[in-house]
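What follows is one structure encoded as C-alpha cells, with my remarks underneath.
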Amino acid sequence: MPPTGRYAPSPTGSLHLGNLRTALLAWASARHAGGRFLLRVDDLDPQRSRPHWVTEQLADLRAIGIDWDGDPVHQSDRFDRYAAAIDVLAERGATYECFCTRAEIREAASAPHGELPDGAYPGTCRELTERERAERRASGRPAALRVRAGAERISFRDEVAGTSAGIVDDFVVRRNDGVPAYNLATTVDDAELGVTEVVRGADLLGSVSRQIWLARALGIAMPERWAHVPLVLGGDGERLAKRHGAVALADLAQQGVGPAEVTRGLVAGLEADPGDDPSAGLLARFTPALLRVEAAPLAQGGDPAAQGQ
Ligand code: GLU
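Numbering-wise, the working numbering puts 330 at position 272 of the sequence shown, and it's gapless, one number per residue.
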C-alpha cells in the first residue's frame with residue numbers, strides 16, 4: 059500500500075525556512091513512494107490561530123512546489139471528533155479532572171518523581187476523592203482533563219533518532235478552556251485520515267510515546283512510520299525564529315530572494331545538485347537517507363542560498 063503522509067502547520071505565524079524544509083521532506087517522502095499527501099491546518103487554538111496565516115502558509119507551500127490531495131483539513135472543523143474520542147477515554151475510566159494551575163504544576167513537577175521525566179505532571183489530582191473534586195469545581199476553578207497513563211514506558215522506532223522510548227505521564231487531553239489538546243487531536247486525525255507516515259520536526263519526537271499511548275487507549279490506527287527530521291537553527295544555535303531576520307518567504311521576497319531561490323537553497327542543503335527544478339528533482343531522487351541530513355544553521359544575515367553551502 060502506498061503511504062499517506064501529511065504536513066500539519068499551526069497558523070500562528072509565517073512558516074520559516076525550517077518549517078519549509080520539513081514540509082519538503084514530508085511531501086517528497088510520501089509522493090516519491092506514490093503515496094497520498096495531506097495538508098492539515100492545526101488551528102485548534104482559537105486565541106492564536108488566524109485565517110490570514112492559513113492563507114499565507116498554504117500559498118508559501120505551493121510556491122515552493124508542494125501539492126496535496128483534496129482540501130486542507132482544518133482541526134477547528136473537527137471538534138466533534140475530538141469530543142467523541144475524549145468521551146471514549148472517559149467511559150473507559152482513562153481520564154480525570156485536573157484543577158492544578160500552571161504554577162502549581164511547575165512547583166510539583168520540579169520535585170523528583172520516580173521514573174517520570176523532568177517537567178512531567180506528577181499526578182497531583184489523580185486520586186482526588188469525589189468530594190474533593192466537587193469542592194474544587196464549586197470554587198470556580200475550571201478543570202482540564204488528563205489521562206491516567208501510569209508512567210507507562212513506550213518504545214518505538216524513529217527513522218532519524220533510531221530506537222526511542224518515552225515514559226508517558228498523565229498528559230492533558232482537554233485544556234481547562236475546553237479546547238482539545240494537541241496530542242489528542244493529532245492522534246485522532248492521523249487515524250481518521252489514514253496517515254501512515256509522520257515526517258515532522260525533531261521538536262515533536264517527545265510526543266510520539268503519548269500519541270502511541272492514545273491510539274492504543276482509543277483502539278484506533280496509528281502511523282507505521284515516524285521520522286523526526288533535524289531542525290534548522292539560527293546562526294546562534296537557537297531554534298529558528300523571527301528574530302533571526304529574514305526567515306520567511308515574505309521577508310526574503312522583500313530582499314529580492316524569490317521562492318525558487320529559497321527552494322534551491324533548501325534542496326541544495328539536502329543533496330549536492332538541486333538541478334533546474336529543485337522540488338521536482340528532490341521528489342525524483344528522494345531517498346529516506348535525506349530525512350537524516352543535518353540542517354545547516356542559517357548563515358548570519360539570513361541568506362537562504364547559503365543553506366546549501
Ligand atoms: N502543528 C504542529 C506544529 O506546527 C505539528 C503537528 C504534527 O506534525 O503532528 O508544530
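For each residue, glycine too, the CB sits at the ideal point set by N, CA and C.
Beta-carbon spacing of residue i, residue j below 8 Å
i: residue 130; j: residue 100; result: no
i: residue 139; j: residue 230; result: no
i: residue 160; j: residue 341; result: no
i: residue 291; j: residue 355; result: yes
i: residue 95; j: residue 127; result: yes
i: residue 102; j: residue 238; result: yes
i: residue 276; j: residue 141; result: no
i: residue 298; j: residue 260; result: no
Enclosing beta strand (DSSP E) for residue i [first to last residue]
i: residue 372; result: Outside the modelled stretch of the chain, which goes from 59 to 367, sits residue 372, for which no answer is possible.
i: residue 137; result: Here residue 137 belongs to no beta strand (DSSP E); instead the alpha helix (DSSP H) covers 137-149.
i: residue 302; result: Note, residue 302: premise wrong, no beta strand (DSSP E); not H, not E.
i: residue 267; result: No beta strand (DSSP E) holds residue 267; the alpha helix (DSSP H) holding it covers 266-276.
i: residue 216; result: 210-216
i: residue 341; result: Where residue 341 is concerned, there is no enclosing beta strand (DSSP E), although the alpha helix (DSSP H) it sits in stretches over 336-343.
Nearest residue (CA-CA) to residue i, options the options
i: residue 175; options: 202, 208, 297 and 250; result: 208
i: residue 235; options: 343, 132, 199 and 75; result: 199
i: residue 98; options: 79, 119, 335 and 106; result: 119
i: residue 110; options: 141, 72, 290 and 341; result: 72
i: residue 242; options: 267, 224 and 223; result: 267
i: residue 192; options: 156, 227 and 225; result: 156
i: residue 233; options: 303, 293, 253 and 137; result: 137
i: residue 294; options: 357, 82 and 225; result: 357
i: residue 77; options: 333, 334, 320 and 345; result: 320
i: residue 339; options: 162, 65 and 83; result: 83
Extent of the continuous alpha helix (DSSP H) to which residue i belongs
i: residue 32; result: The structure shown does not extend to residue 32, since the chain is modelled only from 59 through 367, so no value can be given for it.
i: residue 368; result: Limits of the chain in this structure are 59 at one end and 367 at the other, which puts residue 368 out of reach.
i: residue 110; result: 109-121
i: residue 193; result: 188-196
i: residue 20; result: In this structure the chain extends from 59 to 367, so residue 20 is not present and cannot be described.
i: residue 325; result: 317-326
Rounded C-alpha distance that separates residue i from residue j
i: residue 317; j: residue 122; result: 6 Å
i: residue 270; j: residue 258; result: 16 Å
i: residue 205; j: residue 168; result: 20 Å
i: residue 365; j: residue 324; result: Confidence at residue 365 is low in this model, with a pLDDT of 48, below 50, so the placement of that residue is unreliable and no value is reported for it.
i: residue 187; j: residue 255; result: 42 Å
i: residue 211; j: residue 314; result: 50 Å
i: residue 154; j: residue 322; result: 50 Å
i: residue 273; j: residue 279; result: 6 Å
i: residue 349; j: residue 63; result: 14 Å
i: residue 70; j: residue 214; result: 30 Å
i: residue 133; j: residue 248; result: 11 Å
i: residue 360; j: residue 352; result: Confidence at residue 360 is low in this model, with a pLDDT of 47, below 50, so its placement is unreliable and no value can be given for it.
i: residue 173; j: residue 264; result: 15 Å
i: residue 203; j: residue 327; result: 43 Å
i: residue 80; j: residue 92; result: 19 Å
i: residue 305; j: residue 86; result: 22 Å
i: residue 60; j: residue 189; result: 53 Å
i: residue 195; j: residue 201; result: 8 Å
i: residue 367; j: residue 330; result: With a pLDDT of 40 at residue 367, under the threshold of 50, the predicted position of this residue should be treated as unreliable, though the coordinate-derived value follows. Cα to Cα, the separation comes out at about 9 Å.
i: residue 113; j: residue 223; result: 37 Å
i: residue 226; j: residue 177; result: 12 Å
i: residue 250; j: residue 240; result: 15 Å
i: residue 171; j: residue 158; result: 17 Å
i: residue 448; j: residue 336; result: No statement about residue 448 is possible, as the shown extent of the chain runs from 59 to 367 and does not include it.
i: residue 301; j: residue 150; result: 46 Å
is_contact[residue i, chain E] using C-beta, thresh 8 Å
i: residue 308; result: As a matter of chain content, chain E is missing from the structure shown, which is built from one protein chain.
*Is the segment 302-313 touching the segment 178-193 in the sense that three or more CB pairs, one from each, lie closer than 8 Å?*
no
_Under 8 Å: do the segment 285-295 and the segment 218-230 share three or more Cβ pairs, one atom per stretch?_
yes
*Just jot down, in chain order, the residues whose CB lies closer than 6 Å to any heavy atom of the ligand ZN.*
This structure simply doesn't include the ligand ZN; it includes the ligand GLU instead.
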